[in-house]
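Everything below concerns the one structure shown next.
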Amino acid sequence: MTTKHPVAERLLPRQRQSFILDVLTESGAASLQQLAERLGASFSTVRRDLDELASRKLVERTHGGAILGTLSKTHVETDDTRAVSGAMKDGKVSIGRIAASRVSEGNSVIFDSSTTVLEAARALVESRLRFTAVTNNIKIADVLSASDHVRLIVPGGTRRTGTNLLSGEPGDTFFSQLHADIALIGAQSASDGMLTDSRLESASSKRLLMKAAKTRLLLIDSWKFGGPGFCNVVPLSDFDEIITDQGLADDEKRELERRKIAVSIDTPSVRTNATRK
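For the sequence shown, position 127 matches number 127 in full-length UniProt numbering, and the numbering has no gaps at all.
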């Protein structure tokens with residue numbers, strides 16, 4: 001029996017569905033139990049969310065779980081995909097733009113595997129800034145490759161079925177020897193002063209990418225604070241800056257301030273400009 005977590009109680013249906021799509025984008029597939037545990041929601045709540053996503057072809061139901069659906073895999077945008085998978089789109093875009101503003105001409109930047117980090121990549125391509133990009137995410141590499149101003153490095157590795165992530169060798173050795181200027185790290189959840197994750201291999205990958213950069217920025221949707229996590233990645237204090245959206249709860253903000261962690265929150269002007277693009 002799954003016990004409800006406070007984070008599930010404060011999420012709107014579209015926020016839960018956006019979270020589910022993020023999980024499936026990163027993991028390829030997930031069981032009903034895994035999704036319920038990660039959301040801290042009941043099986044019946046997750047089942048209803050999956051049924052709605054399946055009706056819009058954003059996921060495909062499997063025995064006891066789900067995989068990404070046709071529209072999600074092909075990245076075809078419709079009113080439904082914008083409404084559901086883009087439920088938190090404005091926040092992700094503005095977070096990405098703030099992160100992009102931290103990059104200077106000639107910098108070397110590591111891009112973690114994350115839908116919010118993907119928005120930072122898009123913002124940097126639009127900026128026409130010249131820099132070196134390193135990523136182990138196929139989708140992010142595809143976005144960055146559209147710019148002639150970006151020197152793109154994809155270290156390589158093994159692609160896990162249903163995901164855009166390349167993991168293992170030779171990428172791990174490459175990152176262990178890298179000295180980049182900035183690492184843009186995404187998040188599944190954060191709790192009690194720690195960045196958390198549901199998968200040990202994902203947590204290990206994030207630590208490896210962070211060690212390879214001088215400056216570490218965490219890009220995280222506000223509603224992921226207080227979320228359930230299977231394992232700790234690193235203390236939030238290990239980041240030079242945390243970038244999030246306006247939905248950050250006052251108690252979470254006070255806790256970050258108490259820990260003396262630098263936090264940047266998107267402003268209405270950033271969000272308005274982002275949605276006009």
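The C-beta atom is built at its ideal place from N, Cα and C for all residues, glycine as well.
Q. Going by other Cβ atoms of all chains shown within 10 Å of its Cβ, with 16 needed for buried, is Gly96 buried or exposed?
A. buried
Q: Determine which residues share a DSSP beta bridge with Pro13 and list them.
A: Per DSSP, none; premise fails for Pro13.
Q) Sorted by chain position, which residues of the same chain lie with C-beta nearer than 7 Å to Asp49's C-beta, five sequence neighbours on each side aside? A) Pro13, Arg16, Gln17, Ile20
Q: Return the bridge partner residues of Leu256 from the DSSP annotation.
A: None; Leu256 has no bridge partner.
(Q) Tell me which residue opens and which closes the alpha helix (DSSP H) that Val103 is part of. (A) Where Val103 is concerned, there is no enclosing alpha helix (DSSP H), given that its DSSP letter is neither H nor E.
Q) How big is the Cα-Cα spacing for Ala146 and Leu129? A) 13 Å
Q: In the DSSP assignment, find the unbroken beta strand (DSSP E) run with Gly193 in it and report its ends.
A: From DSSP, Gly193 is part of no beta strand (DSSP E); its letter is neither H nor E.
**Q.** Through-space distance from His63 to Ala183, alpha-carbon basis
**A.** 38 Å
**Q.** Check whether Val134 and Ala180 have beta carbons under 8 Å apart
**A.** yes
Q.
Quick check on the burial criterion: 16 or more other C-beta atoms within 10 angstroms. Buried or exposed for Arg122?
A. buried
Q: Please determine if the segment 136-152 and the segment 36-56 are in contact, where contact requires at least 3 C-beta pairs separated by less than 8 Å.
A: no
Q | Reduced DSSP secondary structure (H/G/I, E/B, other) of Val263 | A | strand
Q. Distance, Cα to Cα, residue 282 vs Thr25?
A. Look at the range of the chain in this structure, 1 to 277, and you will see that residue 282 is not part of it.
Q: For the UniProt domain "HTH deoR-type" (13-68), list the beta strand (DSSP E) runs that are entirely contained and at least 3 residues long, ordered along the chain.
A: 29-31, 59-62, 65-68
Q | Between the CA atoms of Phe230 and residue 278 - distance to the nearest angstrom | A | There is simply no residue 278 to check, as the chain begins at 1 and stops at 277 in what is shown.
Q) Of the choices Gly65, Val93, Phe43, Ala99, whose alpha-carbon is the least far from that of Ser264? A) Ala99
Q. In three-state terms, what does DSSP make of Ala213?
A. strand
Q. Distance, Cα to Cα, Glu257 vs Glu241?
A. 12 Å
Q: May I ask you to report which of helix, strand or coil DSSP gives Val93?
A: helix
Q. Would the segment 142-158 and the segment 189-201 be scored as touching if the rule is three or more Cβ pairs under 8 Å?
A. no
Q: Could you name the residues that DSSP lists as bridge partners for Ala180?
A: Ala213
Q | Rounded Cβ spacing between Asp208 and Ser237 (contact assumed at less than 8 Å) | A | Note that residue 208 is Leu in the sequence shown, not Asp. The Cβ separation is near 19 Å, so there is no contact.
Q | Where Thr74 falls: helix, strand or coil (DSSP) | A | Low confidence applies here, because Thr74 scores a pLDDT of 47, under 50, leaving its location unreliable; read the following figure in that light. Correct three-state label for Thr74: helix.
Q.
Short of 7 Å in beta carbon distance, which residues of its chain neighbour Val103, apart from the five on each side in sequence? Order them along the chain.
A. Val109, Leu124, Leu129, Phe131, Ile182
Q) Among Phe111, Val59, Leu35, which has the Cα closest to the Cα of Arg216? A) Phe111
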